[in-house]
Structure formats: structure tokens, C-alpha cells
Amino acid sequence: MQPRLNQFVGRSAVLTGFSTVDLLGTAVAELYLSTLETQLPAGVTDDLLRVYATLPEGLAIKTAEHPMTALKVRA
Amino acid sequence: MILPEGSMSRTSAEAVDQEIYDVVIVGSGISGAIIAKELSSAGKRVLILEAGTGAELTLSGYQQDLLRFYATPDRDNQAPYAVNSNAPMPRSSDARKIEPGVPLTSGYLVQNGPFASDTTYTRVAGGTTMHWEAKTPRFLPEDFKMRSNFGQSEDWPVDYDELEPYYQLAEREIGVSANVEDQEYLGLKFAENYVFPMKGLPLSYLDQQVAKGITGTSVTLDDQSYDLNVRPFPQGRNGIPNPKYNGGKGYTPVGAVSTSQIEMGGRCQGNNNCVPLCPVQAKFHAGKTLAKAVQTGHVDIVTQSVAAKVILDNFNGRVSGIEYKKYQDTTSSNYTIHTARGRLFVLSANAIENPRLMLASGLQMENGLVGCNLMDHAYLLNWALMPEVCGTGRGTNCTGGIVDLRGGSFRSKQAAFAVDIHNDGWGWATGSPIYDLNLLVDDQNKFGKTLRRDLSSRLTRQLLLAFMIEVLPTRSNCVSVDPKYTDRLGNMRPVISYTVPDYSMRGAAYARQFAQTVFQRLGAEDHTHYDPSDYGYITYEGQGYIIRGGNHLAGTHIMGENPENSVVNNHQRSWNHENLYVVGGGSMPSIGTANITLTITALCIRSAREMIKQLA
Numbered sequence: 001m002q003p004r005l006n007q008f009v010g011r012s013a014v015l016t017g018f019s020t021v022d023l024l025g026t027a028v029a030e031l032y033l034s035t036l037e038t039q040l041p042a043g044v045t046d047d048l049l050r051v052y053a054t055l056p057e058g059l060a061i062k063t064a065e066h067p068m069t070a071l072k073v074r075a
Numbered sequence: 001m002i003l004p005e006g007s008m009s010r011t012s013a014e015a016v017d018q019e020i021y022d023v024v025i026v027g028s029g030i031s032g033a034i035i036a037k038e039l040s041s042a043g044k045r046v047l048i049l050e051a052g053t054g055a056e057l058t059l060s061g062y063q064q065d066l067l068r069f070y071a072t073p074d075r076d077n078q079a080p081y082a083v084n085s086n087a088p089m090p091r092s093s094d095a096r097k098i099e100p101g102v103p104l105t106s107g108y109l110v111q112n113g114p115f116a117s118d119t120t121y122t123r124v125a126g127g128t129t130m131h132w133e134a135k136t137p138r139f140l141p142e143d144f145k146m147r148s149n150f151g152q153s154e155d156w157p158v159d160y161d162e163l164e165p166y167y168q169l170a171e172r173e174i175g176v177s178a179n180v181e182d183q184e185y186l187g188l189k190f191a192e193n194y195v196f197p198m199k200g201l202p203l204s205y206l207d208q209q210v211a212k213g214i215t216g217t218s219v220t221l222d223d224q225s226y227d228l229n230v231r232p233f234p235q236g237r238n239g240i241p242n243p244k245y246n247g248g249k250g251y252t253p254v255g256a257v258s259t260s261q262i263e264m265g266g267r268c269q270g271n272n273n274c275v276p277l278c279p280v281q282a283k284f285h286a287g288k289t290l291a292k293a294v295q296t297g298h299v300d301i302v303t304q305s306v307a308a309k310v311i312l313d314n315f316n317g318r319v320s321g322i323e324y325k326k327y328q329d330t331t332s333s334n335y336t337i338h339t340a341r342g343r344l345f346v347l348s349a350n351a352i353e354n355p356r357l358m359l360a361s362g363l364q365m366e367n368g369l370v371g372c373n374l375m376d377h378a379y380l381l382n383w384a385l386m387p388e389v390c391g392t393g394r395g396t397n398c399t400g401g402i403v404d405l406r407g408g409s410f411r412s413k414q415a416a417f418a419v420d421i422h423n424d425g426w427g428w429a430t431g432s433p434i435y436d437l438n439l440l441v442d443d444q445n446k447f448g449k450t451l452r453r454d455l456s457s458r459l460t461r462q463l464l465l466a467f468m469i470e471v472l473p474t475r476s477n478c479v480s481v482d483p484k485y486t487d488r489l490g491n492m493r494p495v496i497s498y499t500v501p502d503y504s505m506r507g508a509a510y511a512r513q514f515a516q517t518v519f520q521r522l523g524a525e526d527h528t529h530y531d532p533s534d535y536g537y538i539t540y541e542g543q544g545y546i547i548r549g550g551n552h553l554a555g556t557h558i559m560g561e562n563p564e565n566s567v568v569n570n571h572q573r574s575w576n577h578e579n580l581y582v583v584g585g586g587s588m589p590s591i592g593t594a595n596i597t598l599t600i601t602a603l604c605i606r607s608a609r610e611m612i613k614q615l616a
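Chain order of the listed sequences is V and C. Here my numbering is used: position 51 in the first sequence is 51, and no number is missing along the way. Here my numbering is used: position 371 in the second sequence is 371, and no number is missing along the way.
As C-alpha cells, then:
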């Protein structure tokens, strides 16, 4: 999975309380990310994702390490 | 419903210049579409001038509108449509408080106030049915006789019994889903053995919970007691066809408009986001009627054509043509001027655009009534949290409501109202669900599962009661024009002056008490508050209220028995110009408590019959 999408899904998991598997299972993660980028002024999405990277340990979810996500990545 | 390929570009403005049509129609909303269909079915040659681009009438164009709506963060009911400065339209987001003596000019509508209205209409092919809610109640018999029954406004020059057969035809054209037994109240009568084309859509779970809570509740008004009930509204949405319809022949729902055969829109899917646009076109829009009209082969449509002037023959007062500006595209102000000629002319642009065009053309009457008596239902919103989850967010926007106070002797003193139960929660009142999200995130710092739980708890318990309050005609509530205010093509913009009459505010004050009674019976926590800084804030007898526009525009070319008290006769024909019909909500002498589209449709079918006679 692309690092940027990875960050977006991870951040969304924190905010919504759904697991990354749930979010990826909707198959609209990429569409939502692109919608966000289309709707927000340039740079705001980057800022949002950057904030995710600074979350304290335990809040940030390591998306790519999840077994279901890994399957998707391999596929 | 097939719209034949290329039908929107079958002719050109240059070709139209060379033709004399039987009928020239300005506007392709419900009124224009109905008249085009009726007349073309009778073999008459019809031209429709449409200010918009017509893109909405292809399936791909409709889908683009939907996507534009979905992708717009701050959505109003015009959000599906690309901005078109050549055919601008009012937006609810234009409304602002009006300082005395300083007109509000930032939107398309110029508003003198004192009341700042957020009313809208849609200038695209299909007109305001491209964003309507699609509730289709009939007017009550007593609504047609306001003067005789209540000493208020004027009686209509047609009554319920005369209009009843046309209501049946209107319900067929729109494709109404309802059960007669649910709609027989306050004197509403139906023909023997009549059934609606389709069976009624069910009440939502929220409706049912409200119904359960208010069972046995009655209110007293003007010494009369009214038992309260939740009734389903008749809907212009495709339901299950009633096999008993049309003497047992049944009814075939009309699905999505497309240039090729598709299976979509035959049944309402209960989408909660179907206003402004139904995702599958199961909700009626005038494009469906327009497609039927075009299929006759007798209808030409020219789009991107904004009517600019009604041209009169000075010798006999007849209309000889409609001058219109055909613009190149929406990004440019370049246009060419053309004239559409015909034997009859129909202005079916709506109750603001019709008088705007007439006044811009110098078509005022001696009685000065063109543009006067502008009416729009006054909406008072009341919102509360139900004690238990009620499934808010499920079902179409509004499936049921409390209509017991639509009629009664109290109307001699105060306005009647119908109450809508909104299945989409507090959105209209507060901007929910964004409002709730902001509240929980910004004010309470919630996120993750806690946020989801609390958000879900709030949103699924939200109850919004929208009171649609009667407004009577008032001469000073009016549409005018002023050469100071023009649009990009140089056409004069509508200027409105408007006050919510005391009669309506008495109804609003009672509505607020009524809502409190209902909330109390339901054990619901009242969250209603009216912010004095809001543009719609009105003080009445020491209390503050917020009034919203209903987009049910009417009254500006009122129909009547004689040219002294009206603009058009009971067939919506101009008293002054014998080959001009001015149709739509503007012809209504009063608006009662029914959404106006069904009655507009019935009136237009009736008028079309008269036009056919006149053309014979």
C-alpha cells in the first residue's frame, strides 16, 4: 500500500474507531483520500497526515503490519 | 423514459427565427413541460425556450449533477448545478440580514426586505422539480374559498370539485404513491373507487415512534378540539403500482430519463439524500414529462435561451413574439438575439421569473397587480432529541406528518399549518450532522469509538418538526425590476420586497406552543433556539422566531373572476393579452397548507385544454 494511503487509513482509524481492515474493506479509501485532496486547499491534506505521524505511541496504528492489510498489499 | 437522442439540439435559434409555432413556452419546469406534452399530444407545434443548458436531461448529465452535489462540502439545494451566470438563480446561502434602506444585492435576488428570504428556485431544464421534496398533497376544499369561509384573501375562481378531475390527471403524470384512506381528511374527497397510481409509501420508524407518542393527544383551537395523528404524505416517488388503478389496468412507473433503455428508478429505494436529487430518478422530475412531450415529434427545445422581452402588437395587444438571448456557453457573456414567434405564448418560468419578465417588458396592468401578492410558505423549525433511538436518517426526507391543523374555523384569525416530520434529522435547522460532529470533536474533544457512539446516539434520536405555515396574499409583498440591477446578459434581476404577515406569525406562535406540547408527550428534549442574529429572525408579540422560505412561490399573477382584481382568468390566460397564458404558482390566489406543485400541475393540464380549444 502506498505510504500516503497508509497514513490516511491509519489516521482515519484513530479518528473513527474502525479498524484499518474495516476501512480498507470498504474499498473507498483511495477515493476518499482523493476527494479530500480535491476539496481541501493545497497542503492541508499533507498537514493532516503529518500530524498523524506525530501521534503518541499506541494511538498510531501500523496499517501495513496488519495481517489482512498485508494480504491486500501482496495482492 | 426515453429522451430521443439529439432531441435537445433538434433545432437551432436560427431555424426558430423562420418558424411560427402554435405555442411558444418560456421555461421547461413542471408547468411548461405539462403544457408542452398536452399540446403536442394534440398535434400542436410547440417551442420551448429554456434558460439552462439542458445537460440534466441526459443520464450522464444527471449523474454529473449528482456527483457535483456529493462532492460539494457546503451543500444547498442548488449544489448539483454548475454556476451559470447567464441564467443565475437564487441560493439559500445568499440570504443575509437586511439593513433598513439598504437592499441586499449580493445574490441573484435583490431583496429590499424587511424580511430576508432564503427562498430559491432552480433555472435548469426541469425547473424546480430538479430539487423538490416531491410531497404532493391536494389543496383542501376550504382552501379555495378563503373569503367565503374565513373572510380572508379571495376565493379562487375554480373550486375543488372543478379541479378534482385534473388532480387525478396530475397524480397520473407525476406518478403519486398514496392510499386514499390515508388522505381522506378535512373534507378531502376522492372520486368513487379512485385509487392513486401507486400504493402509499410506508411511514418511517421515526414517524411511527412519533405516532405512538402522540396517540390520544388533542389540542383545542378556536373552541374546536383536534385529535392529532401522524399521516403518510402522498409522494411523487415510485412505489408499488396499484393493480386497481385506472379501472384495473394498473400503472407503470416512469423511471430514469435516458437516451437509451435502462432499468433504473422504477421504485423508490428509500435514499435519505433524495433532495435535491434522487440518486436513481425514482422521484419525479419534469424531465420525465418533457421526454414524453419530445417523443410526440412536435416539440422543439432551444436551450441556453433566456427570454428577455415579451413583444406586443401595439394595435391589438396580442403578443407577437418572445425576444430571447441565446448565449454561446456558460463561461462567456456572448449572446445573439432572436425572436420566437407563435400563435399562443405561455410564460411558465415561475412566480418570480414570470412577473420579472412581464415587468421588464412593460406588461404591468392598470390594477398594478403584476408582481404583487408574492407568497411563499413560512417555515418554522422545531427540533428535539427523542428519548430513544428512532432510526433518524432512514427513509426519504419526509414520509409523514401531522396535518390535522391544515383546516378549521381558526383560519379566520390565524394561519393553518401542516407539520413535516423530517427523516433527515436536524440538518435543515442546525446543519446536522456536521453540527453534531463539530460539537463532539471541537467542544468535547471526542474521537474514535466514543465519537462514533455519541454521534450515532445523537443523530438517530433527532426529531425535526417543520411547520409549513400558510401565508396570505399581501399587495406590498412583491416582485419588481430596476434597471440598476441586471445580470450578466443585461436582463433585469428580480427585486423582492417581503414581510411575513401577522396572520402567519400568529400561526407561527401557535406552532411553537404546539411543538412544545408534542415534544412533551414524546418525552423529547427540546433543543429549539432562535438566534437573534439569524437573517430570518422575527419578533412577534415579544417572542423571537426564525422563519425560513419554503420555495413554494406563488401569487404574483393572481387568477380571478375579473380584470379588476387579478392578472389572469381561471384558465391562467392574461386578461390584457388574449394569446398569452401566464401559468404556475403565480396564478394562485392563496396557498393554503399544501406544497403547490400538484395543484400547479392540475391547473396547467386544465389550461392546456383551454389552449387547445383556442387554437382550434
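For each residue, glycine too, the CB sits at the ideal point set by N, CA and C.
Span of the beta strand (DSSP E) around residue i
| i | result |
| --- | --- |
| C/Glu-323 | 319-327 |
| C/Asp-420 | 417-422 |
| C/Gly-427 | Counting along the chain, C/Gly-427 falls outside any beta strand (DSSP E), though it belongs to the alpha helix (DSSP H) covering 427-430. |
| C/Gln-623 | Any answer about residue 623 of chain C is impossible in this case: the structure gives chain C only from 1 up to 616. |
| C/Asn-382 | 378-385 |
| V/Val-28 | Neither: V/Val-28 is in no beta strand (DSSP E) and is coded neither H nor E. |
| C/Ala-340 | 335-347 |
| C/Phe-467 | 462-469 |
| C/Tyr-545 | 543-549 |
Closer than 9 angstroms at the beta carbon, the chain C residues around residue i
| i | result |
| --- | --- |
| V/Leu-31 | Simply none; closest approach about 11 angstroms. |
| V/Val-14 | Phe-447 and Gly-448 |
| V/Gly-17 | Phe-447, Gly-448, Lys-449, Thr-450, Leu-451, Arg-452 and Arg-453 |
Assumed close pair residue i, residue j - CB separation to whole angstroms, cut-off 8 angstroms
| i | j | result |
| --- | --- | --- |
| C/Ala-87 | C/Val-306 | 6 angstroms |
| C/Val-479 | C/Thr-556 | 5 angstroms |
| V/Tyr-52 | V/Arg-4 | In fact, because the Cβ distance is near 11 angstroms, the residues do not count as touching under 8 angstroms. |
| C/Val-16 | C/Ala-340 | 6 angstroms |
| C/Phe-233 | C/Cys-398 | 6 angstroms |
| C/Gly-400 | C/Val-230 | 5 angstroms |
| C/Val-210 | C/Ile-421 | 6 angstroms |
| C/Tyr-327 | C/Leu-489 | 6 angstroms |
| C/Met-264 | C/Gly-270 | So it is not a contact: roughly 15 angstroms between Cβ atoms. |
Pairwise C-alpha distance: residue j and residue i
| i | j | result |
| --- | --- | --- |
| C/Phe-417 | C/Glu-14 | 50 angstroms |
| C/Trp-428 | C/Gly-550 | 12 angstroms |
| C/Ile-20 | C/Ile-48 | 13 angstroms |
| C/Gly-112 | C/Val-403 | A quick correction: the sequence has Asn, not Gly, at residue 112 of chain C. Those two C-alpha atoms are separated by around 33 angstroms. |
| C/Cys-604 | C/Asp-65 | 28 angstroms |
| C/Leu-169 | C/Ala-602 | 7 angstroms |
| C/Ala-616 | C/Leu-188 | 35 angstroms |
| V/Leu-33 | V/Gly-25 | 15 angstroms |
| C/Gly-297 | C/Pro-4 | 10 angstroms |
| C/Gln-614 | C/Leu-464 | 48 angstroms |
| C/Ile-558 | C/Phe-144 | 13 angstroms |
| C/Ser-607 | C/Arg-318 | 18 angstroms |
| C/Gln-152 | C/Leu-472 | 8 angstroms |
| C/Ser-320 | C/Ile-311 | 6 angstroms |
Contact list for residue i against chain V, beta-carbon separation under 7 angstroms
| i | result |
| --- | --- |
| C/Arg-68 | Result: empty, since nearest Cβ-Cβ is about 12 angstroms, beyond 7 angstroms. |
Under 8 angstroms by beta carbon: chain V residues contacting residue i
| i | result |
| --- | --- |
| C/Ile-475 | At residue 475 of chain C the sequence reads Arg, which differs from the Ile that was named. None at all; the shortest Cβ gap to chain V is about 46 angstroms. |
Amino acids of chain V, ordered along the chain, whose beta-carbon sits closer than 9 angstroms to that of residue i
| i | result |
| --- | --- |
| C/Ala-71 | Thr-35, Thr-38 and Gln-39 |
Exposed unless 16 or more other CB atoms sit within 10 angstroms - verdict on residue i
| i | result |
| --- | --- |
| C/Ser-148 | exposed |
| C/Ile-434 | exposed |
| V/Pro-67 | Reliability of the predicted coordinates at V/Pro-67 is poor, the pLDDT of 45 falling under 50, and no value is obtained from them. |
| C/Ala-637 | Look at the range of chain C in this structure, 1 to 616, and you will see that residue 637 of chain C is not part of it. |
| C/Arg-453 | exposed |
| C/Lys-283 | buried |
| V/Ala-70 | Bear in mind that a pLDDT of 40 at V/Ala-70, under 50, signals an unreliable position, so the number given afterwards is only what the model happens to contain. Result: exposed. |
| C/Asp-94 | buried |
N-terminal and C-terminal residue of the alpha helix (DSSP H) that residue i is part of
| i | result |
| --- | --- |
| C/Pro-355 | 353-360 |
| C/Gln-64 | 59-70 |
| C/Ala-116 | Neither: C/Ala-116 is in no alpha helix (DSSP H) and is coded neither H nor E. |
| C/Leu-277 | Per DSSP, C/Leu-277 belongs to no alpha helix (DSSP H) and is neither H nor E. |
| C/Cys-604 | 597-615 |
| C/Met-146 | 146-150 |
| C/Ala-13 | 13-17 |
Any C-beta of chain A under 8 angstroms from that of residue i
| i | result |
| --- | --- |
| C/Ser-320 | The structure shown contains no chain A; the protein chains it does contain are V and C. |
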